Amino acid sequence: MIDVLQSCQPLQARTIQPTRKPRHHPTRADSVLRDFASNTSDKSYCDSKDPYRHIPLKPNQRVIHLTGKMGYNNKFQKDVEDRQREVIQKFPWLRNTSDAISHFKVPDHWLNYEPYQEHLQFLKDPTHESSTGGGWWFWKPAVILDVLKQLSPDDVLVYADYDQTNWWPGLAVFIEYMIQNPNIDWALTQMKFNEKDYTKQDVFEAYCGKPTKALQDSGQWRANLHIFRPTPRVIQFVKEWQRATEDYSAISDTESLIPNAPSFVEHRRDQSLLNLLLKCWFTSDEAKYVKMLDPCKGLYSNSRSKKTGKLNLHFVTLPSLKTPEELTLLEERRHSFWASHNRTVPKAVYQT
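The sequence shown runs 1 to 352 under the numbering used here.
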């Protein structure tokens, strides 16, 4: 079996220089899906007779499949290794077995990372509340970030939760579609569940201020399936997602400091933080440049649902990189909110 950490050796870090363009520009080639729309010509991508077919890749282009499941005493090791074998067998578009990366334990550099020590209590005590999701799934954006930083610009990263096998037949379709449309940064799915029902109110307001009704009633984006292109915008955004998970109170099931909505069901941890960033990280001007399109109209059924579900994968192009000053301003806004509620969290240090 592959040693995941050895098969995915760190490459030399790339220096990402922030760039800004005037916010008032009606179109920006680096952040807008221009001349790209779903139409009948897309049908060939969506009606594949062989969902596990080979994907036409460039000579040095790779598609990486990443998954993981963490637990006390590496209790999911066999399950994860079995899943890795299945991935290698099912996906002919993987060039090498090392392109299937599966984690059953927290990588050492995150294991020793000070902000995550409270999240990792489940490793010492399997009855600790943090055993949920192996630390509330804090590790998900962390391992995604690790891999994104190692990829070449033409590569594609597919992250899927350990149990998300029912969507496998759709992957080749959407990966190929992203490869054919280089303006796309990212693809993910959305649920009909309202944000207010699945995000704690204090975290909601820390990231979004007093949320509008439209924001409260917006559907949550799923965190269990992603297709990424390793663009600087994506790497910066996932880094912010990873940074958000460092706040134990924000990611965990600790009680909200503000009353939740009457219809509140539960906090969705890493998924809630992803949604708040995606919906509130951008300025109102930038938000209109976050384009989401679904070319296949829910072609693939979600067999886990008793009802007839569909895989609606939306494509996203993110706005331009944020400057360190902008990132600091967003961080200070959250800290100011928490301070007003007698909470303190460590401050981030942003470097150019």
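Virtual Cβ for every residue (Gly too), placed ideally from N, Cα, C. Computed from a predicted model, the values in this text were never measured in an experiment.
{"Check": "Completely contained beta strand (DSSP E) runs for the region 90 to 156, where each covers 3 or more residues", "Outcome": "100 to 103"}
{"Check": "Where the beta strand (DSSP E) containing R222 begins and where it ends", "Outcome": "219 to 228"}
{"Check": "Helix, strand or coil at K192 [DSSP, three-state]", "Outcome": "strand"}
{"Check": "Reference W110, options R85, H314, S272, I144, closest by Cα", "Outcome": "I144"}
{"Check": "Identity of the residues DSSP links to W186 by a beta bridge", "Outcome": "F228, V316"}
{"Check": "Coarse secondary structure for Q12, derived from DSSP in three states", "Outcome": "Residue confidence is low: Q12 scores 35 on pLDDT, short of 50, so the model does not pin down where it sits. Its coordinate-derived value is still stated next. Coil at Q12, not helix or strand."}
{"Check": "Short Cβ contact (8 Å threshold) for V158 with L66", "Outcome": "yes"}
{"Check": "Alpha-carbon spacing of N73 relative to Q84, whole angstroms", "Outcome": "19 Å"}
{"Check": "Cβ contact (3+ pairs, closer than 8 Å) linking the region 248 to 256 and the region 173 to 185", "Outcome": "no"}
{"Check": "R53, buried or exposed, once every other Cβ within 10 Å from all chains shown has been counted against 16", "Outcome": "exposed"}
{"Check": "Coarse secondary structure for A206, derived from DSSP in three states", "Outcome": "helix"}
{"Check": "Within 8 Å, strictly: CB atoms of R269 and G134", "Outcome": "no"}
{"Check": "Start and end residues, beta strand (DSSP E) containing H65", "Outcome": "63 to 68"}
{"Check": "8 Å Cβ cutoff met for D155 and I64", "Outcome": "yes"}
{"Check": "Buried/exposed call for Q117, threshold 16 Cβ in 10 Å", "Outcome": "exposed"}
{"Check": "Meets three-Cβ-pair contact criterion under 8 Å: the region 205 to 212 and the region 266 to 283", "Outcome": "yes"}
{"Check": "Beta-bridge pairing of Y162 - partner residues as DSSP gives them", "Outcome": "In DSSP, Y162 forms no bridge with anything."}
{"Check": "Helix, strand or coil at H78 according to DSSP, with G and I counted as helix", "Outcome": "Residue identity differs from the one stated: residue 78 is Lys in this sequence, not His. Helix at K78."}
{"Check": "L321, buried or exposed, once every other Cβ within 10 Å from all chains shown has been counted against 16", "Outcome": "buried"}
{"Check": "Option nearest P153 by Cα separation, candidates Q61, W221, N224, K196", "Outcome": "Q61"}
{"Check": "When P92, D108, P232, E195 are compared against L273, the one with the closest alpha-carbon", "Outcome": "E195"}
{"Check": "Sub-8 Å separation of H267 and T189 beta-carbons", "Outcome": "no"}
{"Check": "Classification of F204 by the beta-carbon crowding that lies within 10 angstroms, buried from 16 upward", "Outcome": "buried"}
{"Check": "Whole-angstrom C-beta distance between N224 and A160, which should lie under 8 Å", "Outcome": "7 Å"}
{"Check": "Near the ligand FAD: K149 beta-carbon under 7 Å from a heavy atom", "Outcome": "No copy of the ligand FAD occurs in the structure displayed, which carries no ligand at all."}
{"Check": "Of the residues L94, P59, F104, the one placed nearest V80, counting alpha carbons only", "Outcome": "F104"}
{"Check": "Neighbourhood of L147 by C-beta, 7 Å cutoff - its chain only, sequence neighbours within 5 removed", "Outcome": "Sequence check: residue 147 is Val here, not Leu. Same-chain partners within the cutoff: C8, I64, L66, I101, L157."}
{"Check": "Per-residue DSSP class, three states only, for L321", "Outcome": "coil"}
{"Check": "Boundaries of the alpha helix (DSSP H) in which T167 is found, first to last residue", "Outcome": "One point to set straight first is that residue 167 is Trp, not Thr, in the sequence displayed. Segment: none, W167 is in no alpha helix (DSSP H) and carries neither H nor E."}
{"Check": "CA-to-CA distance, S336 to T344, given in whole angstroms", "Outcome": "9 Å"}
{"Check": "Cβ separation of P115 and E255, assumed to be a contact under 8 Å, to the nearest whole Å", "Outcome": "That belief does not hold up - the Cβ atoms of P115 and E255 are roughly 21 Å apart, past 8 Å."}
{"Check": "Three-state secondary structure (DSSP) of Y248", "Outcome": "helix"}
{"Check": "Burial state of T317, where buried means 16 or more other Cβ atoms lie within 10 Å", "Outcome": "buried"}
{"Check": "6 Å CB neighbourhood of F76 in its chain, flanking five on each side removed", "Outcome": "K69, F104"}
{"Check": "7 Å Cβ shell around I258 - same chain, five flanking residues per side excluded", "Outcome": "Q201, D202, E205"}
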